[in-house]
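Student: My questions will all concern the structure given below.
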Amino acid sequence: MKTLLEKYDLSGRELHNHFVMAPMTRARRPDNIPDDETAVYYRQRASAGLIVSEGLPVSPEAQGYIAVPGIWTDQQVAGWKLVTDAVHDAGGTMFAQLWHVGRISHTSLQPNGQAPVSSSAKKIVNPKFQAFIYKEDGSEGRVDPSEPRALETDEVARVTSDFRRAARNASTAGFDGVELHAANNYLFEQFLNPAMNDRTDQYGGSVENRARFALETIDAVIEELGATRVGIRLSPRNQDYTGQDGWIEETYNYLADELAERRIAYIHLNDSRIGGKPSLDDAFLKSFRAHFPGTLILAGAMSFERGEQLVEAGIIDLPAFGQPFIANPDLVERYRDDVVVARPDRDTFYGGGSKGYTDYPRAVHEDV
Ligand SMILES: Cc1cc2nc3c(=O)[nH]c(=O)nc-3n(C[C@H](O)[C@H](O)[C@H](O)COP(=O)(O)O)c2cc1C
């Protein structure tokens, strides 16, 4: 049997193969509530061993983009139940990705038009990072994020409790577990990265202090769900904050040690890729692995061949695929049968309706 088709034991939960569908925001729910079509989309992809949901904002403050379904209200929980029931019916396993964008937001998305929150009051300057809002004329579009304000020391625990509530809600909604989104420049990374975090309290300065918010939140979520149902996503060597590389290995190795001690279900690394090349090379992965013996997932321009090689060499446990799952609901079957993989249409990644969402055809009709 092909390597990636073998079953996998994820902290006592059997995955029907080694394929992970990476989290992908699709921004198709103007009321922020998942619906029947959300369920169809995920069910179509349930032959993945593990599906990680699109990022789910844990509170109104956590949002940076319109039309993203959240996980803070009862209606949202009921909507997600449609999705998890559909995925479970098809034999799949699904974790919810819990998300707070921090400073990558805009006052128009924030409760009472407040400033977005972050580790510091530093505004993001990278033009690649924009919020997506309803403009004053009612049209939709990208805008520069607003100037953030630094969370007060005693507010950090409130954000942790928003994650705790979101984890409880995710469990009620039938998710098998949750993944904290601590990657891609969002709130947790805004604390981890010393270029963004200029705090002088217990959440800034040393590695232990910068990692404190993420670890306190992991602990809160473990208390709710148990460690076997908790994962985390990290993006070390994120291409947008290179230039001061020294802190990266120290910070991420410390996190890996702490997470290993807590025996969480997995760490999911996202390779942000620099100049089209892997930023998390085998040397980095091997060294990270030495700090975290648990399940290691890797995403980022993954191919079947690289996934097989890394798994066979014991460097990672599970490869994750993002864009390939958009255009290939039957990605696993295509791998099994050596069927060519279709490319997605970038114009329909975000927003809109069924087009580019639930209308990608299957090439293989019989499930694995
Ligand atoms: C349309 C789209 C939406 C995404 N949304 C998220 C998200 O909500 N959370 C997240 O952690 N990563 C998100 N990502 C990143 C993917 O999970 C993945 O790491 C990245 O696309 C690299 O994998 P790939 O080359 O297989 O697509 C998104 C990527 C795409 C293309």
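All residue numbers in the sequence shown are consecutive under our numbering, ending with 539. Think of the CB as a built atom: it goes at the ideal place given N, C-alpha and C, for glycine as much as any other residue. Predicted model only: the values in this text are computed from it and were never measured.
(1) Could I get the ranges of all uninterrupted alpha helix (DSSP H) runs contained in the region 315–366, with 4 residues as the minimum, in chain order?
(2) Look up residue 234 in the DSSP assignment and say whether it is helix, strand or coil.
(3) With distances taken from CA atoms, which of 409, 201, 208 and 261 is nearest residue 526?
(4) Tell me the DSSP bridge mates of residue 190?
(5) Whose C-beta lies closer than 6 Å to the C-beta of residue 429 among residues of the same chain, with five residues either side of it excluded?
(6) Which residues mark the beginning and the end of the beta strand (DSSP E) in which residue 404 is found?
(7) Quick one, which of 520, 374, 272 and 182 has its alpha-carbon nearest residue 334's?
(8) How long is the line joining the alpha carbons of residue 327 and residue 293, rounded to whole angstroms?
(9) Within the present structure, is the beta-carbon of residue 194 separated from the nearest heavy atom of ligand 1 by less than 7 Å?
(10) Considering only the beta carbon of each residue, do residue 373 and residue 367 sit closer than 8 Å?
(11) Considering only the beta carbon of each residue, do residue 463 and residue 427 sit closer than 8 Å?
(12) Kindly list the residues whose CB is nearer than 8 Å to the CB of residue 477, restricted to its own chain and excluding five residues on each side of it in sequence; keep chain order.
(13) Under 7 Å Cβ to Cβ from residue 460, same chain only, skipping five residues before and after it: list those, please.
(14) Under a three-way DSSP split, which group does residue 304 fall into?
(15) Please go through the same chain and pick out, in chain order, the residues whose beta-carbon is closer than 6 Å to the beta-carbon of residue 191, but skip the five residues on each side of it.
(16) So is the beta-carbon of residue 235 under 7 Å away from any non-hydrogen atom of ligand 1?
(17) Between the C-alpha atoms of residue 123 and residue 408, what's the straight-line distance to the nearest angstrom?
(18) Can at least three beta-carbon pairs, one atom from the region 247–262 and one from the region 195–214, be found at a separation below 8 Å?
(19) For residue 465, does the three-state DSSP call read helix, strand or coil?
(20) Below 7 Å CB to CB, which residues in the same chain sit around residue 210 once its five sequence neighbours on both sides are set aside?
(21) With DSSP as the reference, please indicate the residues paired to residue 311 in a beta bridge.
(22) Any chance the CB of residue 494 is under 7 Å from a heavy atom of ligand 1?
(23) Heavy atom of ligand 1 less than 7 Å from the Cβ of residue 271, yes or no?
(24) When burial is assigned at 16 or more other CB atoms within 10 Å of the CB, is residue 172 buried or exposed?
(25) Given a threshold of 16 other Cβ atoms within 10 Å of its Cβ, counted over all protein chains shown, does residue 388 qualify as buried or as exposed?
(26) Under the three-state reduction of DSSP, which class applies to residue 225: helix, strand or coil?
(27) Taking the alpha-carbon of residue 514 as reference, which of 500, 235 and 322 has the nearest alpha-carbon?
(28) Helix, strand or coil for residue 286 per DSSP?
(29) Measuring CB atoms only, is the region 224–240 touching the region 274–282, in the sense that at least three cross pairs come out at less than 8 Å?
(30) Can you confirm whether residue 444, when its beta carbon is compared against all beta carbons of chain C, has any partner nearer than 8 Å?
(31) Tell me whether residue 260 is buried or exposed, calling it buried when 16 or more other Cβ atoms sit within 10 Å of its Cβ.
(32) Assign residue 511 to one of two classes, buried (16 or more other C-beta atoms within 10 Å of its C-beta) or exposed (fewer than that).
(33) Quick check on residue 536: buried or exposed, where buried means 16 or more other Cβ atoms within 10 Å of its Cβ?
(34) Straight-line CA distance for residue 347 to residue 241?
(35) Starting from the C-beta of residue 413, find all residues in its chain whose C-beta is less than 8 Å away, skip the five residues before and the five after it, and write them out in chain order.
(36) Cβ of residue 404 within 7 Å of any heavy atom in ligand 1?
Tutor: From the atom records:
(1) Assignment of alpha helix (DSSP H) within the region 315–366, counting only whole runs of 4 or more residues, yields 327–343 and 358–363 in chain order.
(2) coil
(3) 208
(4) Answer is none; residue 190 lacks a bridge partner.
(5) 386
(6) 401–405
(7) 272
(8) Using only the alpha carbons, I get a separation of about 17 Å.
(9) yes
(10) The beta carbons of residue 373 and residue 367 sit no closer together than 8 Å.
(11) yes
(12) For residue 477, where only same-chain residues beyond five positions count, the Cβ hits under 8 Å are 490.
(13) 467 and 486
(14) Strand at residue 304.
(15) 221, 468, 489 and 491
(16) no
(17) With the chain covering only 172 through 539, there is no way to say anything about residue 123.
(18) yes
(19) coil
(20) 253, 254 and 257
(21) 305
(22) Closer than 7 Å to some heavy atom of ligand 1: that describes the Cβ of residue 494.
(23) no
(24) exposed
(25) Result: buried.
(26) strand
(27) Considering only alpha carbons, the answer is 500.
(28) coil
(29) Judged by Cβ distances under 8 Å, the region 224–240 makes contact with the region 274–282, as three or more pairs qualify.
(30) Chain labels in this structure do not include chain C; a single protein chain is all it has.
(31) exposed
(32) exposed
(33) exposed
(34) Rounded to the nearest angstrom, the two C-alpha atoms are 17 Å apart.
(35) Reliability fails at residue 413, whose pLDDT of 48 lies under 50, so the model's placement of it is uncertain and the value that follows must be treated cautiously. So the qualifying residues of the chain are 445.
(36) yes
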